[in-house]
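Right, one structure below, let's go through it.
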Amino acid sequence: MRGMNTTRSFTTKIRSRHGEADIFTSVTGEGEPLLLIAGLGGRGVFWNAQLPALASRFQVITHDHRGTGKSSLSPIVYSAEQMAEDVIALMDALEIERAHVVGHSTGGAIGQFLALRHPERVN
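Quick look at the structure:
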């Protein structure tokens, strides 16, 4: 049985076609990357109850969407498609080539846009 997983939390500078943003990011566990994407206006802490089980098998990445939580403010509201581009920019910044993706509510739509627009990046 693996030991306790620690969570590293930090701000990641991303750059997408929608401009730059500082995205609050948390990484827990080791293994294949698993992106957990919260719903509209959601924060990474939405997934805290699931982290212990998932981090025993995956490197779990959560984030606060642009304009929410500890991420930088945004003057406009973004579509799910634009938010998917932010996730790709986050993956690039974290040097993640491919990841498993799970989304809740609008996070599910963001995951679908990831799979449609960037199928080579989604497991």
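Numbering (this note's numbering), first residue to last: -14 to 108.
Where is the CB? At the ideal position from N, CA and C, for every residue including glycine.
For G92, the closest C-alpha among the options F31, G54 and L36 is that of F31. Counted as a single uninterrupted DSSP element, the stretch harbouring A34 is not any beta strand (DSSP E), since DSSP gives it neither H nor E.
Across the set P37, R106, P60 and G54, the C-alpha of R106 shows the shortest separation from the C-alpha of H85. The shortest CA-to-CA distance from T10 to any of G26, E17, K(-2) and G24 is the one to K(-2).
Around the beta-carbon of A6, 16 or more other beta-carbon atoms lie within 10 Å, marking it buried. The three-state secondary structure of A65, taken from DSSP, is helix.
In the three-state scheme derived from DSSP, where H, G and I count as helix and E and B as strand, P60 is classed as coil. DSSP, reduced to helix, strand and coil, places I81 outside both helices and strands of the structure shown, so it counts as coil. According to the DSSP assignment, L19 belongs to the beta strand (DSSP E) that extends over E17 to I22.
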